[in-house]
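Engineer:
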Amino acid sequence: MKRSITLEVNGVARTAEVEPRALLAYVLRDQLDLTGTHIGCDTSQCGACTVHIDGRAVKSCTVLAMQAEGHAITTIEGLSGNGGGGGGLHRLQQAFWEQHGLQCGFCTPGMIMTAADLLAHKPKPTEAEIRHALEGNLCRCTGYQNIVAAIQAAAGAR
Amino acid sequence: MATLFGSGIKRREDPRLITGKATYTDDVKLPGLLYAAVLRSTYAHAKLRKVDVAKAKQATGVVAVYTGADVKDKVNTVPCAWNVPNCDPRRTPLSPSTKSATWATGSPWSWPSRAPRRGMRST
């Protein structure tokens, strides 16, 4: 019942034995040891599982691992150093840190991945556009204010 | 020292949180790790007559199933008390027992422990 698939994750070819029903979020976490992508709900609502597939933000809990074969997957672990000038933190990661855009940090990888997609396609979003883009990402700690501020800071930092 | 007050201080825990390197409970991986799920009441007020776990014990990957009878005298009850002024504070503790009535949706019925799930989360 299991099939061997090859996934390109953060620029590296990774193979995994997966059942057809296996969800990408679980394969990333359990088989590829990339636990930065989080699972926060059973309903595809929370967005803690957000990754990029071919540069677009998707909820990996709603993607079958086999669907992702042949596509470029980027997780939060693959974001460091991209768009931030060489190694080190991505400007979004730096901004979340400086603007106190996180408390427990559980939603943060998903927030950052969604924001990275937003800024890649809309470099100077309005506050309303930021909040709209984040509608699929839930946070129980911050009240979203500093998350929005972090994304604004990252957009302005360019 | 005077410049410290009111200045922005970056948190020390953030670097691992913003890079996905932190270890949350579900990120822990140990050899032989089992996963437990609590089966809770779906009725707001009901009498629990019987718990039959024979089928659950035989399900694939299940290592153990514990009911109230199994943990009686080994587990303390969970006190449920909310002191609302001028109200009768019901203090019936939540108990994993086949003998007590369940007061509220969410009271635990049983705990199956199973081997690592294969890509699907049990509820």
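Line by line, the protein sequences give chains V and F.
Straight run, no breaks: the first sequence in this note's numbering ends on number 159.
Straight run, no breaks: the second sequence in this note's numbering ends on number 188.
Heads up, the beta-carbon is just placed ideally off N, CA and C, and yes, glycines get one too.
Bear in mind that the values here come from a model prediction, so they are computed numbers and not experimental data.
I'd like to know whether the C-beta atoms of Ala96 (chain V) and Ala151 (chain V) end up nearer to each other than 8 Å.
Structural biologist: Taking 8 Å as the Cβ cut-off, Ala96 (chain V) and Ala151 (chain V) qualify as a contacting pair.
Engineer: What residues in the stretch 116-141 of chain F have a beta carbon less than 8 Å from any beta carbon of chain V?
Structural biologist: Those would be none; no residue qualifies.
Engineer: Please report the distance separating the alpha-carbon of Ala166 (chain F) from that of Gly106 (chain V).
Structural biologist: Here Ala166 (chain F) scores only 37 on pLDDT, less than 50, and its place in the model should not be relied on; the value that follows carries that caveat. Roughly 39 Å separates the two Cα atoms.
Engineer: In terms of residues, what are the limits of the alpha helix (DSSP H) holding Glu99 (chain V)?
Structural biologist: Start and end: 92-99.
Engineer: For Gln100 (chain V) and Gly71 (chain F), what's the separation of their Cα atoms in angstroms?
Structural biologist: Distance between the alpha carbons of Gln100 (chain V) and Gly71 (chain F): 15 Å.
Engineer: What does Lys60 (chain V) pair with, by DSSP beta-bridge criteria?
Structural biologist: DSSP lists V:Thr51 as partners of Lys60 (chain V).
Engineer: Could you tell me whether the Cβ of Glu70 (chain V) comes closer than 8 Å to any Cβ of chain F?
Structural biologist: Taking Cβ atoms only, chain F never reaches closer than 8 Å to Glu70 (chain V), which makes this a no.
Engineer: So what does DSSP say about Val13 (chain V), is it helix, strand or coil?
Structural biologist: It is a strand residue.
Engineer: Opposite Val136 (chain F) in the DSSP bridges: which residues?
Structural biologist: According to DSSP, which records beta bridges pairwise, Val136 (chain F) is partnered with nothing at all.
Engineer: Shortest alpha-carbon distance to Asp117 (chain F) belongs to which of F:Gly133, F:Ala102, F:Lys137?
Structural biologist: Considering only alpha carbons, the answer is F:Gly133.
Engineer: Spell out the partners DSSP gives Glu18 (chain V) in its beta bridges.
Structural biologist: The partner list for Glu18 (chain V) (beta bridge, DSSP) reads V:Ser5.
Engineer: Check the Cβ of Lys86 (chain F) against every Cβ in chain V and list those closer than 7 Å, keeping chain order.
Structural biologist: Those are Gly37, listed as they occur along chain V.
Engineer: Is it the case that the Cβ atoms of Arg92 (chain V) and Ala155 (chain V) are separated by a distance below 8 Å?
Structural biologist: Their beta carbons are under 8 Å apart, which means Arg92 (chain V) touches Ala155 (chain V) by this criterion.
Engineer: Apply the 10 Å Cβ neighbour rule to Leu25 (chain V) and answer buried if 16 or more other Cβ atoms are within range, or exposed otherwise.
Structural biologist: Under this definition Leu25 (chain V) is a buried residue.
Engineer: Determine the DSSP secondary structure at Val128 (chain F), reduced to helix, strand or coil.
Structural biologist: Val128 (chain F): strand per DSSP, three-state reduction.
Engineer: Taking 8 Å as the cut-off, does the stretch 129-146 of chain V touch the stretch 69-77 of chain V (at least 3 CB pairs, one atom from each stretch)?
Structural biologist: Too few Cβ pairs lie closer than 8 Å, so no.
Engineer: In chain order, what residues of the same chain lie with their CB nearer than 8 Å to the CB of Arg22 (chain V), ignoring the 5 residues before and after it?
Structural biologist: For Arg22 (chain V), where only same-chain residues beyond five positions count, the Cβ hits under 8 Å are Leu65.
Engineer: The beta strand (DSSP E) with Ala134 (chain V) in it runs from where to where?
Structural biologist: That residue, Ala134 (chain V), is in no beta strand (DSSP E); its alpha helix (DSSP H) goes 128-134.
Engineer: Should Gly86 (chain V) be labelled buried (16 or more other beta-carbon atoms within 10 Å of its own) or exposed?
Structural biologist: At Gly86 (chain V) the pLDDT is 44, less than 50, meaning the model places this residue with poor confidence; the figure from the coordinates comes in the next sentence. It is exposed - the Cβ of Gly86 (chain V) has fewer than 16 other Cβ atoms within 10 Å.
Engineer: Just how far apart, CA to CA, sit Ala69 (chain V) and Glu20 (chain V)?
Structural biologist: Ala69 (chain V) and Glu20 (chain V): Cα-Cα distance of roughly 13 Å.
Engineer: Alpha carbon to alpha carbon, how far is Ser61 (chain V) from Glu9 (chain V)?
Structural biologist: So the alpha carbons of these two residues sit roughly 14 Å apart.
Engineer: For the candidate residues V:Tyr145, V:Thr109, V:Gly102, whose alpha-carbon lies nearest to that of Leu80 (chain V)?
Structural biologist: Looking at the Cα atoms, V:Thr109 is the closest of the given residues.
Engineer: Assuming contact is defined by CB atoms lying nearer than 8 Å, are Val149 (chain V) and Glu128 (chain V) in contact in what I supplied?
Structural biologist: Result yes, Cβ atoms of Val149 (chain V) and Glu128 (chain V) sit closer than 8 Å.
Engineer: Does DSSP classify Leu24 (chain V) as helix, strand or coil?
Structural biologist: Of the three classes helix, strand and coil, the one that applies to Leu24 (chain V) here is strand, per DSSP.
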